[in-house]
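When we follow our numbering, the leftmost residue of the sequence shown carries the number 400, and every step to the right adds one. Cβ atoms here follow ideal geometry from the backbone N, Cα and C, with glycine treated the same way. Computed from a predicted structure; not experimentally measured. Heads up: the structure comes next, in structure tokens.
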Amino acid sequence: METTWSWTVTGYSHLHRSHEDIRRTCLHAGLSGVEGSAELFAGLNDSELEALADAYAADGLRFDSFHLPFAREDDIASFYESTRRQAADKAGEWIERAGRLGVRAVIQHPTTCRDNVEADGLEPFLTQLGKSLDSMLERAAGCDVTIAIENMLPGDDGGRLGSRPEHFERFACAFDHPNLGFCLDTGHALVAGRENAHAFPAAMGERLVAFHLADNAGDRDSHLAPGHGRVEWGHVFRAAHDLGHAGSMCIETPPFDFGPDYTDDAWKKLVDDTSALAQDI
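What follows is the structure in structure tokens.
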């Protein structure tokens, strides 16, 4: 199958490296760039962010996606108003900074708590999430960025917000906005959905604008390289193909090799092996 997308890897695998070394690895491995994060650009002001984006662009690379902060205090659906407001403001600031990098989509966890939506009720979570998205989507529209809500792992006691396909159907109706999209995390989908993992991209529909590719055995989010677990990659890549996805696909794992200081060849093999999975459908 001819692919319409490019490959990236998560910047979290490269926090200890210089941007010069990251660009060298990208060029060797056939990557179009890395997914950004706040940690990858710590201490940089706006002009420095723009200069860094220019340096990547000079090598034919770009930051297509950016993972917004997701520590416990970054809960944009928190029932504590002070926590929610601070989290939404922080996310909004990073949305605008991501815009200076030329990012297309920012990845947002719908919550950072692990509470059971089935016990607490979905509506209170939607109310809090909606308050945050009101301001965040306005800022995203101002810099032509799409907020992609990511599907989550289940909580300790059951259905965490974002861990059910039907949650995304509700998100699409409740928060209808041209700058709202969804991110499919394949590892999360397998753990949460098991044999029905394919229901997540189906529920996300045309709002599916970003991908986190990771494999596992279905028991935990072990972030194995694609092809080394039980994810049905045919479903994933067929969904992307049918959507005409033309952005990046972020491989959110390290190479299946000796680490943690992976060679450029190991990164290239990760990309080549993942690309081969897409060709096999």
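Nearest neighbour of Arg484, chosen from His566, Glu472 and Asp445 [CA to CA]: On the sequence shown, position 85 is the one that residue 484 refers to. If we check each option's Cα against that of Arg484, Glu472 comes out closest.
Count Cβ pairs between the stretch 474-492 and the stretch 505-518 that sit closer than 8 angstroms; are there 3 or more? yes
To the nearest angstrom, how far is the alpha carbon of Asp618 from that of Val670? As a working mapping, residue 618 is identified with position 219 in the sequence shown. As a working mapping, residue 670 is identified with position 271 in the sequence shown. Computed Cα separation, rounded: 25 angstroms.
Taking the runs of the alpha helix (DSSP H) that are 4 residues or longer, which of them lie wholly in the stretch 508-558? 516-519 and 521-541
Would you say the beta carbon of Arg416 comes nearer than 7 angstroms to a heavy atom of the ligand GDP? You won't find the ligand GDP in this model; it holds no ligand whatsoever.
Helix, strand or coil at Gly432 according to DSSP, with G and I counted as helix: Residue 432 sits at position 33 when you count from the first residue of the sequence shown. Here Gly432 sits in strand by DSSP.
What are the partner residues of Ser464, as DSSP defines its beta bridges? Translated into positions along the sequence shown, residue 464 becomes position 65. Ser464 is bridged to Ala504.
State buried or exposed for Asp679, treating a residue as buried only when at least 16 other CB atoms are found within 10 Å of its CB. The count along the sequence shown starts at 1 and reaches residue 679 at position 280. Its Cβ having fewer than 16 others within 10 Å, Asp679 is exposed.
Between which two residues does the beta strand (DSSP E) carrying Met648 extend? Your numbering for residue 648 matches position 249 in the sequence shown. Counting along the chain, the beta strand (DSSP E) containing Met648 begins and ends at Ser647 to Ile650.
Where the alpha helix (DSSP H) through Leu669 begins and ends: Taking the first residue of the sequence shown as 1, we reach residue 669 at position 270. Asp663 to Gln678 is the extent of the alpha helix (DSSP H) around Leu669.
With 16 as the cutoff for other CB atoms within 10 Å, does Asn578 come out buried or exposed? Numbered from 1 along the sequence shown, position 179 holds the residue referred to as residue 578. Asn578 comes out buried.
How many angstroms separate the CA atom of Glu631 from the CA atom of Leu583? Translated into the one-based positions of the sequence shown, residue 631 becomes position 232. Translated into the one-based positions of the sequence shown, residue 583 becomes position 184. Distance between the alpha carbons of Glu631 and Leu583: 13 angstroms.
The beta strand (DSSP E) enclosing Ala395, as first and last residue numbers: Summary: the structure shown does not reach residue 395, with the chain confined to residues 400 through 680, and so no result is reported for it.
Going by beta-carbon coordinates alone, are His418 and Ala441 separated by less than 8 angstroms? Translated into the one-based positions of the sequence shown, residue 418 becomes position 19. Translated into the one-based positions of the sequence shown, residue 441 becomes position 42. The Cβ atoms of His418 and Ala441 lie no closer than 8 angstroms to each other.
Express the C-alpha separation of Ser481 and Gly358 in angstroms, rounding to a whole number. Past the edges of the chain, shown from 400 to 680, lies residue 358, and the structure says nothing about it.
Which term fits His466, buried or exposed, when burial requires 16 or more other beta carbons within 10 angstroms of its beta carbon? As a position in the sequence shown, residue 466 is number 67, starting the count at 1. The residue in question, His466, is buried, as its Cβ has 16 or more Cβ neighbours within 10 Å.
For Thr511 and Arg422, what's the separation of their Cα atoms in angstroms? Position 112 of the sequence shown, counting from 1, holds the residue named residue 511. Position 23 of the sequence shown, counting from 1, holds the residue named residue 422. Computed Cα separation, rounded: 31 angstroms.
Which residues in the same chain have their Cβ closer than 7 angstroms to the Cβ of Glu651, if we skip the five residues on either side of it in sequence? Looking up residue 651 in the sequence shown gives position 252. So the qualifying residues of the chain are Thr409, His611, Leu612, Ala613 and His622.
For Ala609 and Gly580, believed in contact at Cβ under 8 angstroms, the rounded distance: Position 181 of the sequence shown, counted from the first residue, corresponds to residue 580. Position 210 of the sequence shown, counted from the first residue, corresponds to residue 609. The distance from the Cβ of Gly580 to that of Ala609 is about 7 angstroms, consistent with a contact at the 8 angstroms cut-off.
Span of the beta strand (DSSP E) holding Phe610? Taking the sequence shown and counting its residues from 1, one reaches residue 610 at position 211. Where Phe610 is concerned, the enclosing beta strand (DSSP E) stretches over Leu607 to Leu612.
For Ala677, which residues in the same chain have their Cβ closer than 7 angstroms to its Cβ, ignoring the five residues on either side in sequence? Residue mapping note: residue 677 aligns to position 278 of the sequence shown, counting from 1. The residues are Met400, Thr402 and Phe636.
Cross-strand partners of Leu583 (DSSP beta bridge): What you label residue 583 is simply residue 184 of the sequence shown in a count that begins at 1. Paired residue(s): Phe610.
So Gly554 and Asn515 are in contact, right, with Cβ under 8 angstroms, and what is the actual spacing, rounded? Locating residue 554 in the sequence shown gives position 155, counting from the first residue. Locating residue 515 in the sequence shown gives position 116, counting from the first residue. With a Cβ gap of about 6 angstroms, Gly554 and Asn515 count as contacting.
Please report the residue range of the beta strand (DSSP E) in which Thr407 lies. Taking the sequence shown and counting its residues from 1, one reaches residue 407 at position 8. Ser405 to Thr409 is the span of the beta strand (DSSP E), which, as asked, contains Thr407.
Please go through the same chain and pick out, in chain order, the residues whose beta-carbon is closer than 7 angstroms to the beta-carbon of Phe392, but skip the five residues on each side of it. The shown model of the chain, from 400 to 680, leaves out residue 392, and the question about it has no answer.
Short Cβ contact (8 angstroms threshold) for Ser674 with Trp406: The count along the sequence shown starts at 1 and reaches residue 674 at position 275. The count along the sequence shown starts at 1 and reaches residue 406 at position 7. In contact: Ser674 and Trp406 (Cβ atoms closer than 8 angstroms).
Please state whether DSSP places Ser414 in a helix, a strand or coil. By one-based count along the sequence shown, residue 414 stands at place 15. A small correction: the amino acid at residue 414 is Leu; Ser does not occupy that position in the sequence shown. DSSP places Leu414 in coil when its eight states are reduced to three.
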